[in-house]
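J.: Just so you know, the protein sequences line up as chains A and B, in that order. Just so it is clear: in the first sequence, position 11 is 59 by our numbering, and no numbers are missing. Just so it is clear: in the second sequence, position 288 is 313 by our numbering, and no numbers are missing. Please read through the structure below; I'll follow up with questions.
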Amino acid sequence: MNMHLKELSTAVTAGLMTRREFVARAAALGVTAAAANSMLAGTASADAHAKPVAGGTFRMGVQGGESTNTQDPASWASDVPIAIGRLWGEPLVEVTADGSLSGLVAESWESSADAATWTFKIRENCMFSNGSAVTAEDVMKTMERHSNEDSKSGALGIMKGIKGMSTDGMNFTVELDIGNADLPYLMADYHLMIQPGGGFDDPTAAIGTGAYTMETFDPGVRASAKRRSDYWGGSQEEVAHYDTIEVIVLNDATARTAALQSGQVDAINRVEPKIAKLLDRAPTLGVQNVSGRGHYVFIAHVDTAPFDNKDLRLALKYAMNRQEMVDKILQGYGGIGNDMPINAAYPLFDDTIPQREFSLEKAAEHYKKSGHDGSPIILRTADGAFPGAVDAAALFQQSCEAAGIPLEIKREPNDGYWSEVWNVQPFCCSYWGGRPVQDQMYSTAYLSTADWNDTRWKRPEFDAMLLEARAELDEAKRKEIYSKMGRMMNEEGGLILPMFNDFIDAVSNDIQGFKGDPNGPQMNWYAFKKTWKTA
Amino acid sequence: MHPIVKLVAQRLALGFLLLLAASVLIFAGTTMLPGDVAQQILGQGATPENLANLRAELGLNDPPVTRYFQWLGGILQGDLGTALTNGRDIAESIGGRLKNTMFLAFWAAVISVPLAIFLGLLAVRYKDKWPDKLISAVTLTTISIPEFMIGYILVYWLAIKLRWFPSVAIMNDSMSLGEKLNAIAIPVMVLTLVVLAHMMRMTRAAILNVMQSAYIETAELKGLRMLSVIRKHAFPNAVAPIVNVVMINMAYLVVGVVVVEVVFAYPGMGQYLVDHVSKRDVPVVQACGLIFAAVYIGLNLVADIVSIVTNPRLRHPK
């Protein structure tokens, strides 16, 4: 059944929507009143399933694993290690689907008035799977391992700005150079799994506070985990309902969908947009897409000719046919972008910022004004830059040509693209996974001093606004600053952002309780904990 | 010394030199690829600080020549080392993968080699008649379709529609032999279809070549049945070229099936090697490369020995 309808009918049985409302909204989806009512009857009788059932095995078919993966959270970068890591490990907090925070290892947290000192209270009843209780000391050591000067952690970038850390009983305190109202969001990062002794002794031990303990781990092939009886979150009837979880690495898109269709796995990530609608027709499963914060980008270095010319950048921005990109590259599974890395999925988003429209006249006008000598502008792309990047570059080239802009595509190999092209060459295709809050997205890639400043965007006034917003606890004021920053990027930045991509998952109908989460695929990889199996 | 023993000794010595040369080439090639293992591990998450820390820890700051000889020193003592990316013992990781690769290759060979030779003999027996044409048409069709395509077609029918076999070949040690065979059923079918034509056509051509000889005519004239002529007189004399092509295909089944491994998510050597090449994990790439080279050298040696043993003129040189 269509996932959206399923959600609607569940809302009725849960009392969140009236029958009349349901029929009306189902009609909007093209369902007749009679069919809608019978569907409702079906859900009502299936209501017994609304109560979670403990037991069974949840098998995930996941793209993004290699035989080089490890269990050391510091080295995680792709989906499979994260999916596996969530089973045994937990950070201090998690970002929920509605964008708020919920405590995991930390029970509660509070900040000083200037947001420069944050104190996290660690749960009393939280145990590692090796039997020892979590202490504030373990938490501090973990943070040290990801931020000290020997650190080789992928989280090193976000841990900058920490001045000092201390513990007091079950309290863990972080002191910052300058206030950061969003610090707790950073603590939800998947690298920051709390490990005994910080994981200094044995980073790959896979011992954490998660609901499951690892049974097998075969990098790039599969992993399995068993439910712990002493999980702090509660019994199997309350949370983490499955007895066992299996993660099966399926990098090939067709193998992934075939495994789901033939019933070898219960859920898969990264359904290809071009087959998503077809796959949804299969009777035994549903496709679930959720608009997230991830986006596909064309990035120009604003300090390198010819991209140091604002008119040339504007010409390229106006020549981008965003709707066509969403329709043809994402097959409609996504939303149009506005040359700033923020969309409505972020808290404090200002929806009054005008959307840049596709306009060949304006593109031609700005191109003329830029005084460019007419030599080809080279855009580098590769299949691995983002799914459909080569096609997207070709579409962009065509619309540029219509505006009289000589764009030339240089196709690069996937291999080495992230070390040799991205963040090195002045104009290329890339993608960003998005971050839970605006501050983190901007600090990661648009602050003058950011390591990943892939558009070489170095504006003191922009940095000043970012730092001001960071320490501002008044949300209305913060929203205003973020709005100004967004407008500035939209107008002057080297970022050409045509589209935000949806996460597209497919889930077997036996799995109940699956909902989209804008933070990541597979309910931000917490599906194993929040869903259950019937039949 | 018996000529065969001498040949084997010579070939083994040569093989050892070849392996050494291969290791130099692989090392140089992998080192020349853009980016190093530290960059590949950190990917988009790299900062100058964590890159420097990781490089120092992995010993990447030593010059390449030093690293090569360190590796060579280890390998001569039988130590394959540990993977740079995940610190796992290479011998142990490769062991499991090699076992899987051999398992798949073995069953594919057990089915495809006899089948190909039998079909080849049948095609000769009914030369230019409909069985010959049918066999050639079918096998040439399956060799012409890319292997992943055959895989997808078989998965669609046998796994999704009929649900006879699993679409993904998941293997683990707790499975019984029957379960494992069930898991690899479709990949074995795909590999069989891929290698069949080459061996079948070679068998057919080799035997037809022999069939032109005068002694075959004699055999026919003394009244032997066609199949007996082929079996007793033609086949033994055509063994050498057939064994050669069989060995090439067996080497392919061991080292060349990465596409099939990906389509069926089969945990073999091919995917393992590709993952490590893309991460620039030189010690693992070296170890895989050596094993693959050894397989080629070994199977070629077998082919040469078989051609000598089956040829009395080579067996008893003057």
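We treat Cβ as the ideally placed atom computed from N, Cα and C, and that holds for glycine. Computed from a predicted model, the values in this text were never measured in an experiment.
Rounding to the nearest angstrom, what Cα-Cα distance links A92 of chain A and L298 of chain B in this structure?
T.: Position 44 of the first sequence, counting from 1, holds the residue named residue 92 of chain A. Position 273 of the second sequence, counting from 1, holds the residue named residue 298 of chain B. With a pLDDT of only 41 at A92 of chain A, under the threshold of 50, the placement of this residue in the model should not be trusted; the figure read from the coordinates follows. Approximately 52 Å, taken between the alpha carbons.
J.: Tell me whether the stretch 342-362 of chain A and the stretch 427-443 of chain A touch, counting them as touching only if at least three CB pairs, one residue from each stretch, are closer than 8 Å.
T.: Touching, yes.
J.: Taking only the alpha-carbon atoms, compute the straight-line gap between L216 of chain B and Y240 of chain B and give it to the nearest angstrom.
T.: By one-based count along the second sequence, residue 216 of chain B stands at place 191. By one-based count along the second sequence, residue 240 of chain B stands at place 215. Spanning the two alpha carbons is a distance of roughly 37 Å.
J.: Report all residues from its chain with a CB closer than 7 Å to the CB of S418 of chain A; omit the five preceding and five following residues, and keep chain order.
T.: Translated into the one-based positions of the first sequence, residue 418 of chain A becomes position 370. Once the five neighbours on either side are set aside, the close Cβ partners of S418 of chain A are N357, D359, L360 and A363.
J.: Compare the C-alpha of Y574 of chain A against each of A:E320, A:K563 and A:T582 and name the closest.
T.: For the purposes of this step, residue 574 of chain A is identified with residue 526 of the first sequence, where counting begins at 1. For Y574 of chain A, the nearest C-alpha among the options comes from A:K563.
J.: Considering only residues of the same chain and omitting the five flanking positions on each side of M262 of chain A, which have a CB-CB separation below 6 Å?
T.: As a first step, residue 262 of chain A must be located in the first sequence, where it is residue number 214. Closer than 6 Å at Cβ, skipping near neighbours: W136, A254 and A273.
J.: Can you give the Cα-Cα distance for D487 of chain A and R518 of chain A, rounded to whole angstroms?
T.: Position 439 of the first sequence, counted from the start, is the residue given in the question as residue 487 of chain A. Position 470 of the first sequence, counted from the start, is the residue given in the question as residue 518 of chain A. Straight-line Cα distance between these residues: approximately 7 Å.
J.: Using the beta-carbon of each residue, which ones in chain B are nearer than 8 Å to I426 of chain A?
T.: For the purposes of this step, residue 426 of chain A is taken as the residue at position 378 of the first sequence. Result: empty, since nearest Cβ-Cβ is about 18 Å, beyond 8 Å.
J.: So, are the CB atoms of M191 of chain A and M207 of chain A less than 9 Å apart?
T.: Translated into the one-based positions of the first sequence, residue 191 of chain A becomes position 143. Translated into the one-based positions of the first sequence, residue 207 of chain A becomes position 159. Yes, the pair counts as a contact, with Cβ atoms nearer than the cut-off.
J.: Any C-beta of chain A sitting closer than 9 Å to the C-beta of F128 of chain B?
T.: Within the second sequence, residue 128 of chain B is the residue found at index 103, counting from 1. For F128 of chain B, the answer is no, since every Cβ of chain A falls outside 9 Å of its Cβ.
J.: Are the CB atoms of G113 of chain A and S123 of chain A nearer to each other than 9 Å?
T.: Residue mapping note: residue 113 of chain A aligns to position 65 of the first sequence, counting from 1. Residue mapping note: residue 123 of chain A aligns to position 75 of the first sequence, counting from 1. For G113 of chain A and S123 of chain A, no; Cβs fall outside 9 Å.
J.: Note down the Cα distance separating Q35 of chain B from P28 of chain B, rounded to an integer number of angstroms.
T.: Numbered from 1 along the second sequence, position 10 holds the residue referred to as residue 35 of chain B. Numbered from 1 along the second sequence, position 3 holds the residue referred to as residue 28 of chain B. Going by the C-alpha atoms only, they are around 10 Å apart.
J.: Can you check the stretch 333-417 of chain A for any beta strand (DSSP E) of at least 3 residues that lies completely inside it and give the ranges in chain order?
T.: Qualifying beta strand (DSSP E) stretches, in chain order: 333-348 and 382-384.
J.: Is Y260 of chain A helix, strand or coil when you go by DSSP?
T.: Locating residue 260 of chain A in the first sequence gives position 212, counting from the first residue. Three-state DSSP puts Y260 of chain A in a strand.
J.: Mapping DSSP to helix, strand and coil, what is Y479 of chain A?
T.: Residue mapping note: residue 479 of chain A aligns to position 431 of the first sequence, counting from 1. Correct three-state label for Y479 of chain A: strand.
J.: Going by DSSP, what residue range makes up the beta strand (DSSP E) through R221 of chain A?
T.: Locating residue 221 of chain A in the first sequence gives position 173, where the first residue counts as 1. Note that residue 221 of chain A is Thr in the sequence shown here, rather than Arg. N219 to L224 is the span of the beta strand (DSSP E), which, as asked, contains T221 of chain A.
J.: Just how far apart, CA to CA, sit P569 of chain A and P331 of chain A?
T.: As a first step, residue 569 of chain A must be located in the first sequence, where it is residue number 521. As a first step, residue 331 of chain A must be located in the first sequence, where it is residue number 283. For P569 of chain A and P331 of chain A, the distance between alpha carbons rounds to 22 Å.
J.: In angstroms, rounded to a whole number, what distance separates the CA positions of P139 of chain A and R107 of chain A?
T.: For the purposes of this step, residue 139 of chain A is taken as residue 91 along the first sequence, with counting starting at 1. For the purposes of this step, residue 107 of chain A is taken as residue 59 along the first sequence, with counting starting at 1. One C-alpha to the other measures close to 23 Å.
J.: Identify every run of the beta strand (DSSP E) within the stretch 138-165 of chain A, keeping only runs that are complete inside it and at least 3 residues long; order them along the chain.
T.: You should have 141-143, 149-151 and 154-159.
J.: Is there a Cβ of chain A sitting closer than 9 Å to that of P28 of chain B, yes or no?
T.: Walking along the second sequence from the start, residue 28 of chain B turns up at place 3. Not one chain A Cβ lies under 9 Å of P28 of chain B.
J.: Is the distance from the Cβ of A116 of chain B to the Cβ of A312 of chain B below 9 Å?
T.: By one-based count along the second sequence, residue 116 of chain B stands at place 91. By one-based count along the second sequence, residue 312 of chain B stands at place 287. A contact, by the Cβ cut-off of 9 Å.
J.: Is it buried or exposed, W166 of chain A, if we count other Cβ atoms within 10 angstroms and call 16 or more buried?
T.: Numbered from 1 along the first sequence, position 118 holds the residue referred to as residue 166 of chain A. By the neighbour-count rule (16 or more Cβ atoms within 10 Å), W166 of chain A is buried.
J.: Here's a check: name, in chain order, each residue in its chain whose Cβ is nearer than 8 Å to the Cβ of M213 of chain A, leaving out the five neighbours to either side.
T.: If you number the first sequence from 1, residue 213 of chain A lands on position 165. Here the set comprises M188, M191, E192, F220, T221, V222 and E223.
J.: Should V313 of chain A be flagged as near chain B, meaning a C-beta pair shorter than 9 Å?
T.: Your numbering for residue 313 of chain A matches position 265 in the first sequence. It does; some Cβ of chain B falls within 9 Å.
J.: Can you tell me which of B:P266, B:V268, B:V235 and B:I267 puts its alpha carbon nearest to the alpha carbon of V254 of chain B?
T.: Within the second sequence, numbered from 1, the residue matching residue 254 of chain B stands at position 229. Closest by alpha carbon: B:V235.
J.: Could you tell me whether any Cβ in chain B is nearer than 9 Å to the Cβ of A81 of chain A?
T.: Within the first sequence, residue 81 of chain A is the residue found at index 33, counting from 1. In this predicted model, A81 of chain A has a pLDDT of only 45, less than 50, meaning its place in the structure is not dependable; the value taken from the coordinates is given anyway. No - not a single Cβ of chain B is within 9 Å of the one on A81 of chain A.
J.: Rounded to whole angstroms, what's the CA-CA distance from G314 of chain B to M294 of chain B? Just pull it up for me.
T.: Position 289 of the second sequence, counted from the first residue, corresponds to residue 314 of chain B. Position 269 of the second sequence, counted from the first residue, corresponds to residue 294 of chain B. Roughly 10 Å separates the two Cα atoms.
J.: Where does R370 of chain A land, buried or exposed, given buried means 16+ other C-beta within 10 angstroms?
T.: Indexing the first sequence from 1 puts residue 370 of chain A at position 322. The residue in question, R370 of chain A, is buried, as its Cβ has 16 or more Cβ neighbours within 10 Å.
J.: Rounded to the nearest angstrom, what separates M87 of chain A and V555 of chain A at their Cα positions?
T.: What you label residue 87 of chain A is simply residue 39 of the first sequence in a count that begins at 1. What you label residue 555 of chain A is simply residue 507 of the first sequence in a count that begins at 1. Interpretation of M87 of chain A is limited by its pLDDT of 46, a score under 50 that renders its predicted location unreliable; the figure taken from the coordinates is listed afterwards. Answer to the nearest angstrom: the Cα atoms are 19 Å apart.
J.: Where does E456 of chain A sit, in a helix, a strand or coil, going by DSSP?
T.: Start at 1 with the first residue of the first sequence, and residue 456 of chain A comes out as number 408. Three-state DSSP puts E456 of chain A in a strand.
J.: Note down the Cα distance separating D278 of chain A from G68 of chain B, rounded to an integer number of angstroms.
T.: Indexing the first sequence from 1 puts residue 278 of chain A at position 230. Indexing the second sequence from 1 puts residue 68 of chain B at position 43. If I take the Cα positions, the gap works out to 36 Å.
J.: With H, G and I counted as helix, E and B as strand and the rest as coil, what does DSSP make of M57 of chain B?
T.: On the second sequence, position 32 is the one that residue 57 of chain B refers to. In this structure, M57 of chain B counts as helix in the three-state DSSP scheme.
J.: Skipping 5 residues on each side, what residues in its chain have a beta carbon closer than 6 Å to that of P566 of chain A?
T.: For the purposes of this step, residue 566 of chain A is taken as the residue at position 518 of the first sequence. Around P566 of chain A: V338, G340 and A393.
J.: Kindly indicate which three-state DSSP category W580 of chain A falls into: helix, strand or coil?
T.: Locating residue 580 of chain A in the first sequence gives position 532, where the first residue counts as 1. W580 of chain A falls in the strand class under three-state DSSP.
J.: Are the C-beta atoms of R92 of chain B and some chain A residue less than 9 Å apart?
T.: To locate residue 92 of chain B, count along the second sequence from 1; it is residue 67. R92 of chain B does not count as touching chain A.
J.: What are the residues of the stretch 246-275 of chain A that lie near chain B, defined by any Cβ-Cβ distance shorter than 8 Å?
T.: Within the stretch 246-275 of chain A, the residues whose Cβ lies closer than 8 Å to some Cβ of chain B are T252, T264, D266, P267, G268, V269 and R270, listed in chain order.
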